[in-house]
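Residue numbers (my numbering), protein chains in the order written: chain V, 1 to 515; chain C, 1001 to 1515. Just so you know, even glycine gets a beta-carbon here, dropped at the ideal spot from N, CA and C. Following: one structure in structure tokens, then a few remarks.
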């Protein structure tokens, strides 16, 4: 039997009891590890964060926390080969691993830098100058941001075990709030390995980072108004967590990043032969195949002018046909496996529901040709592009197939495109690929209330564009409605979100002494 | 039978069916009105806001919305006598009415001014300059704030029918989000009258303000990710609302301002004879008696150095003994009635629980001398000050008696004071009355994570201080934990909170065109 994955709690590496839940290699189907938190005292985990991690972090200034974060990120970057090797077992190609591992370290580096440059050399942020509240100027107010005496519980998704952990850890650490990571079970072994690398630096004060592999029964019962819960995952789980009394009654802060039916819009100007046409096709293929489409931000809905449906379908189909699928690292492989066969089966079922609303342009839900692996043992599936000519059908706007699946749909004009974008009921990421400034402006203005991020891609920005699916630490990540209504990253906004804002009133002399 | 109070929904004044719930005069016990929303179609209310109010508001620029708000506030100010007369029936003295009515209009004026000066002459807020995301500078990001296509449901408390409505309406209106007000039943007739005054100006676009007097069954079922729910009231109701699927599943924005056991701390320097001693005593008496203590921000816990307990008790008792209680407007009356006898009975019961932990300094729960009214018919009670020498007792830190009730407790040193402040588990407002800068700095730094606002009162700021209990529109109002974890006002922060933040990525030229 494979080994139980260790958790790091209350200062020691410890194994949960029992047989745990077995995690299989996404490529070979062989056992990788078992995950169990049985016997771990969640009360002690929270207490350790509150009583050891919190005071230790609050004793550091912002620049000192930024330095600790930099050291931790540096170790991940330096030892990334170890993580790449593990990541491959979850089905990730080297490119996929780069998004997760280098992306995670890079995000933490950016945060370290933002913290060093943008936060004061102290422990309190003073937000504004003296706000005069009387005629003579002897009384006024200022807002200060201080570190709550709480913990940050970070519940992450399986798809980005490193990046997901780092993008939540970084702002919490800068804010001085100790972190408890609960990685998703299927890739917990990668998150735990990355946490171990960070902990081994000794740069993180004891108690500032704990990792619980497995379930966390009763942990939320310990949380309240000084605490922060950051969640990435399904809308169902988000609703359950947000409905917990820790949130509803005790006002723990809650941030969710959940389902999202992200869309990309091809501009009416972008005829075949125009650079934007190629950018759109390339972007769609990239989003469908990176991480085998297991990205919260991946393009699920491709909206094109109605008279371009055939052109786009053909161009995308041609590219998808050339994508080798199989074992990460094997010659010719450009797309790896999904994280597991259970996940693959879910994706197939969802894709079938969407396909019932249209026709299949590319892919087969029943079979897939695989390089360097056994298609029956690994969690492989082919990219799957559906064409739905009746864009009013509900399925493409409501069914999220969390894999290499996308739907091509026609729109009539800018207003129609905006209306279709809004039918996602709130998305993490949208994009407009067009060189028509009026079209772009109209779509961005109309779609912004439904999006956390919108990429405008054209020939000018393309050389440096980071693409539709990549959240940047400088910009907010999260979306309204279905996407969870939360907001992560966004530069120092994420640090501020972990702090308590307090209006302080008094004389100018008193308010001067706050910084 | 008294008349059913009209609601303004879907463009018309309409009366709910049935007999409704009777509301009595707080002073005389005579019927004032009856409240019923029976037969009002909540779906139509939301639809009207979404389809009529939303588009009309979104068609206006920020300055145009600010002008509409100013006109509405101006009418309230101009016709305030009508509102004062109604307010007196709810037990409010002229001073109390001023806090609510002039306070409400003033808050809206401040918002109008902030909006005119601080928001662009357009419909979109661009938050930051070009954030470069590549070496050559052809790709970057900016954040924009746009108006969601939703509604703002505002559920208000009984104690400030006008101010509570205006402080929520003002930022929503500026943001371009149509408002549905659900006033608290006991003082709905005052809120409805104020809304009528604003609507009669014709300045507010149709659909931008609706008022439903009575319950709102099924209304939350209509809300989701584009909508905003602002709540002021009990922690129980806050928990129920926050646990609704509109919030947990569909990510409607939710802001609560709930219970709060606010504390004021007398500094160790403030011996009898020092100005701060008098300021503390005066502040405590004001907070206990204004609105008969029915203020979310009122001082419930008075913390004084242990060797000053007797001095403070005597000084406060002397002042309370001189407070005339009775019919608003009657000679010698400085404190009016509670909003109703049911509320008074709740307060008496809570006060008795606190009194069981200590001794009574002033007041009698069973009897009260009343001027110009019948003590048996009106909802009167005397100010009630309890002394609890064992500050570790739980009651004063957990039981909120929402009336003219406060508890005097001793602290040993600054750390102990901070610890006691934190036992409120999150408060709206705290204050430190001291001229000892070190003490003040230590208490503010220690208590800030548990407070939304902290007033530092001393001889310098006193001449212009607005006092412990008064939220200012320029500063945030709301507190962590028990206080609901929300944040209202805070200048333009409240407007921004009603807008959707979207990161837009693209070339500098594209991002320049966003404003």
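Closer than 8 Å to the CB of residue 1500/C there is at least one CB belonging to chain V.
Legend: CB atoms of the stretch 461-486 of chain V lying less than 7 Å from CB atoms of chain C belong to residues 461, 463, 464, 465, 466, 472, 474, 475, 476, 480, 481, 482, 484, 485.
In the three-state reduction of the DSSP assignment, residue 338/V falls in the coil class. Identification of chain C residues near residue 133/V by a Cβ-Cβ cut-off of 9 Å yields 1464, 1465, 1466, 1472, 1474, 1475, ordered along the chain. Bridge pairing for residue 144/V: 126/V, 502/V [DSSP]. Of the candidates 1461/C, 1268/C, 1463/C, 1423/C, 1423/C places its Cα closest to the Cα of residue 1446/C. For residue 1209/C, none of the residues of chain V pass the 9 Å Cβ criterion, the least Cβ distance being about 21 Å.
Take residue 299/V, set aside five residues on each side of it, and the residues of its chain with a beta-carbon closer than 8 Å to its own are 262, 263, 264, 283, 284, 287, 288, 406, 431, 468, 469, in chain order. Taking 8 Å as the cut-off, the beta carbon of residue 34/V is found closer than this to the beta carbon of residue 5/V. The beta carbons of residue 1335/C and residue 1093/C sit closer together than 8 Å. Contact note: residue 112/V does not reach chain C at a C-beta cutoff of 8 Å; the least C-beta distance is about 17 Å.
For residue 361/V, the enclosing beta strand (DSSP E) starts and ends at 359-362. Per DSSP, residue 97/V is one residue of the alpha helix (DSSP H) stretching across 94-97. Taking C-beta atoms as the reference points, residue 142/V and residue 128/V count as a pair closer than 8 Å.
Residue state for residue 1048/C is assigned as helix, using DSSP reduced to three classes. Under the DSSP assignment, residue 437/V falls in the alpha helix (DSSP H) whose first and last residues are 437-447.
Under the three-state reduction of DSSP output, residue 1165/C falls in the helix class.
DSSP places residue 21/V in the uninterrupted beta strand (DSSP E) bounded by 21-24. Shown here, residue 1387/C sits in a strand according to DSSP, grouped into three states. By the rule that beta-carbons nearer than 8 Å mark a contact, residue 235/V touches chain C. Straight-line measurement puts the Cα of residue 133/V at about 25 Å from the Cα of residue 496/V. Looking at the DSSP output, residue 1231/C shares a beta bridge with 1155/C, 1256/C. Linking residue 260/V to residue 305/V through their CA atoms gives a straight-line distance of about 22 Å. Every unbroken stretch of the alpha helix (DSSP H) spanning 4 or more residues and falling wholly within the stretch 52-112 of chain V is given here in chain order: 54-58, 62-78, 80-89, 94-97. By the beta-carbon neighbour count (other beta carbons within 10 angstroms, threshold 16), residue 172/V is buried. Leaving aside the five residues that flank residue 79/V on each side, the residues in its chain whose CB is nearer than 6 Å to its CB run, in chain order, 197. Three or more pairs of CB atoms, one per stretch, sit closer than 8 Å, so the stretch 1446-1465 of chain C contacts the stretch 138-152 of chain V. Taking all protein chains shown into account, residue 1472/C has 16 or more neighbouring C-beta atoms within 10 Å of its C-beta and is therefore buried.
Distances from the CA of residue 352/V to each of 331/V, 325/V, 371/V, 383/V were compared; the closest alpha carbon is that of 383/V.
Chain V has a Cβ within less than 8 Å of the Cβ of residue 1146/C. Within its own chain, the residues whose Cβ lies closer than 6 Å to the Cβ of residue 1500/C, once the five positions on either side in sequence are excluded, are 1146, 1148, listed in chain order. DSSP, read as helix, strand or coil, puts residue 480/V in coil.
Of the other Cβ atoms in all chains shown, 16 or more fall within 10 Å of the Cβ of residue 308/V; this residue is therefore buried.
Going by beta carbons, residue 1060/C and residue 1170/C fall outside the 8 Å limit. For residue 266/V, not one C-beta of chain C is nearer than 8 Å to its own C-beta. Here residue 1429/C carries a strand assignment [DSSP, helix/strand/coil].
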